[in-house]
Amino acid sequence: MSLQGPIRIAVDIGGTFTDIQVLHEPSARTFAFKTPTTPDDPSRGLMEGVRGAARRHGFELGQVGVLMHGTTIATNAVLEHKLPPGALVTTAGFRDVLEIGRHLRQRIYSAIAEPRRLLIERSRRFEVSERVDADGRVCVPLDEAELHGIAQRIEASGARTVAVCLLHAYANPEHERMVGRFLREHLGHGFVSLSHELSPEIREFERSSTVAINALLMPVVKSYLDALRARMQAEGFAPRLYLVQSNGGVTSPQLAAEQPARLLLSGPSGGARAAQVLGEALAEPDLVAVDMGGTSFDVSLIHDGRMRLVSEGAVDGCPVRLPMIEIRTIG
Numbered sequence: 012m013s014l015q016g017p018i019r020i021a022v023d024i025g026g027t028f029t030d031i032q033v034l035h036e037p038s039a040r041t042f043a044f045k046t047p048t049t050p051d052d053p054s055r056g057l058m059e060g061v062r063g064a065a066r067r068h069g070f071e072l073g074q075v076g077v078l079m080h081g082t083t084i085a086t087n088a089v090l091e092h093k094l095p096p097g098a099l100v101t102t103a104g105f106r107d108v109l110e111i112g113r114h115l116r117q118r119i120y121s122a123i124a125e126p127r128r129l130l131i132e133r134s135r136r137f138e139v140s141e142r143v144d145a146d147g148r149v150c151v152p153l154d155e156a157e158l159h160g161i162a163q164r165i166e167a168s169g170a171r172t173v174a175v176c177l178l179h180a181y182a183n184p185e186h187e188r189m190v191g192r193f194l195r196e197h198l199g200h201g202f203v204s205l206s207h208e209l210s211p212e213i214r215e216f217e218r219s220s221t222v223a224i225n226a227l228l229m230p231v232v233k234s235y236l237d238a239l240r241a242r243m244q245a246e247g248f249a250p251r252l253y254l255v256q257s258n259g260g261v262t263s264p265q266l267a268a269e270q271p272a273r274l275l276l277s278g279p280s281g282g283a284r285a286a287q288v289l290g291e292a293l294a295e296p297d298l299v300a301v302d303m304g305g306t307s308f309d310v311s312l313i314h315d316g317r318m319r320l321v322s323e324g325a326v327d328g329c330p331v332r333l334p335m336i337e338i339r340t341i342g
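Numbered by this note's numbering, the letters in the sequence shown go through residues 12 to 342 in order.
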């Protein structure tokens, strides 16, 4: 069999298998292919799967115009605690917000409170003199002179990435922008994440947690995307690449590298979105979607023809205040 004409490919890299779906656009036919995931370098398994699908179904890599990619690389990095050392820059007096969190117990009937997971150690959390009130008025101007010392201490700490979360930056982000510009110019890397760009809302702890996770994921996801680009170029494989987000939509590799926290539910959200489309085709508005893989078991609900979107979730007990499909996972 030989497929002529344009091809689209969707890839989902799970903990055990990498699944390939091939769409032959002229006939609207789909074909499946499965290959083992390569945890040491997931991009290798992806390309092995694409080549295997091309051989089995008779098409050339040059026919592929679009590659949709769902991945668990961000989720696994958080769950397996495989994150690089990071730093946090915050308003003077709010260094410990990330550690104090909310006084809500994960297990309310346990006699012993479980310690909160620290995304960034206290020794790598730095304060800068500035203050903006809840209406966005500047009460204390940013002390830019302090930033030189903070940048030096960040480099000395060994941090590879930096999160910036200033008080009430959602109301007036100018101080965060100034800190971000300075750090990007004076640090030896470009991994700086600003809270107002991700979650411009009240609630300092949730915003701090979200930007911290995003900053810690930036080197991880960029490294993976760089490896994937290099492997695709070496193979002469040049489709338009999109990555699946936690909300069921897609994003570009450039935005995914800047805001990798949006990929935390990249894998299972694709299954939930597919269930919604299938329900529409079958005129079944109410469905339970189940994604059973080798690592986890994910469940989502399609009610009245729509997925349920939430504005906040949690990964490994850490709040993430970003839009995502409501998915329950056991594993």
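By construction, the Cβ of each residue, glycine as well, lies at the ideal position given by its N, Cα and C atoms.
For clarity, every value in this text was computed on a predicted model and none was experimentally measured.
For residue i, name the three-state secondary structure that DSSP assigns.
i	result
residue 92	coil
residue 221	helix
residue 298	strand
residue 179	coil
residue 227	helix
residue 338	strand
residue 259	coil
residue 148	coil
residue 214	coil
residue 142	strand
residue 129	coil
residue 254	strand
Do residue j and residue i count as a contact pair if the criterion is CB distance below 9 angstroms?
i	j	result
residue 182	residue 144	yes
residue 82	residue 254	yes
residue 221	residue 96	no
residue 343	residue 228	This structure gives no information on residue 343, because the portion of the chain shown stretches from 12 to 342.
residue 33	residue 100	no
residue 62	residue 78	no
residue 104	residue 127	no
residue 282	residue 311	yes
residue 178	residue 142	yes
residue 206	residue 176	yes
residue 267	residue 299	no
Provide the residue span of the beta strand (DSSP E) that contains residue i, from first to last.
i	result
residue 32	28-35
residue 40	40-47
residue 289	No beta strand (DSSP E) contains residue 289, which is instead part of the alpha helix (DSSP H) from 277-293.
residue 138	136-139
residue 319	Note, residue 319: premise wrong, no beta strand (DSSP E); not H, not E.
residue 121	No beta strand (DSSP E) contains residue 121, which DSSP labels as neither H nor E.
residue 368	Any answer about residue 368 is impossible in this case: the structure gives the chain only from 12 up to 342.
residue 20	18-24
residue 330	329-331
residue 114	Looking at the DSSP string, residue 114 is not in any beta strand (DSSP E), and its letter there is neither H nor E.
residue 102	97-102
residue 200	Looking at the DSSP string, residue 200 is not in any beta strand (DSSP E), and its letter there is neither H nor E.
residue 82	75-82
residue 305	Where residue 305 is concerned, there is no enclosing beta strand (DSSP E), given that its DSSP letter is neither H nor E.
residue 272	Segment: none, residue 272 is in no beta strand (DSSP E) and carries neither H nor E.
Buried or exposed: where does residue i fall if 16 or more other Cβ atoms within 10 Å of its Cβ makes it buried?
i	result
residue 27	exposed
residue 150	exposed
residue 230	buried
residue 252	buried
residue 309	buried
residue 259	buried
residue 327	exposed
residue 18	buried
residue 146	exposed
residue 224	buried
residue 235	buried
residue 30	buried
Terminal residues of the continuous alpha helix (DSSP H) containing residue i?
i	result
residue 157	155-168
residue 248	Looking at the DSSP string, residue 248 is not in any alpha helix (DSSP H), and its letter there is neither H nor E.
residue 195	185-197
residue 53	53-68
residue 311	It is not in any alpha helix (DSSP H) - residue 311 instead sits in the beta strand (DSSP E) that spans 308-314.
residue 207	206-209
residue 109	108-111
Looking at chain D, is there any beta carbon in it that lies within less than 9 angstroms of the beta carbon of residue i?
i	result
residue 167	Here there is only one protein chain, and chain D is not present.
### Message
Taking contact to mean 3 or more Cβ pairs, one atom from each stretch, closer than 8 angstroms, check whether the region 303-316 and the region 199-208 are in contact.
### Response
Between the region 303-316 and the region 199-208, the count of Cβ pairs shorter than 8 angstroms is below three; the stretches do not touch.
### Query
Just checking, does the region 15-24 make contact with the region 38-57 on the three C-beta pairs under 8 angstroms criterion?
Flag = yes, the region 15-24 and the region 38-57 touch.
### Segment contact, 8 angstroms Cβ cut-off, at least three pairs: the region 325-341 with the region 264-282
Because the criterion of three Cβ pairs below 8 angstroms is met, the region 325-341 and the region 264-282 touch.
### Message
Quick check: the region 63-73 against the region 40-52, are at least 3 beta-carbon pairs closer than 8 angstroms?
### Response
Contact between the region 40-52 and the region 63-73 is present, with at least three C-beta pairs closer than 8 angstroms.
### Query
Per the contact definition of three or more C-beta pairs closer than 8 angstroms, is the region 116-135 in contact with the region 156-175?
Contact between the region 156-175 and the region 116-135 is present, because at least three Cβ pairs lie under 8 angstroms.
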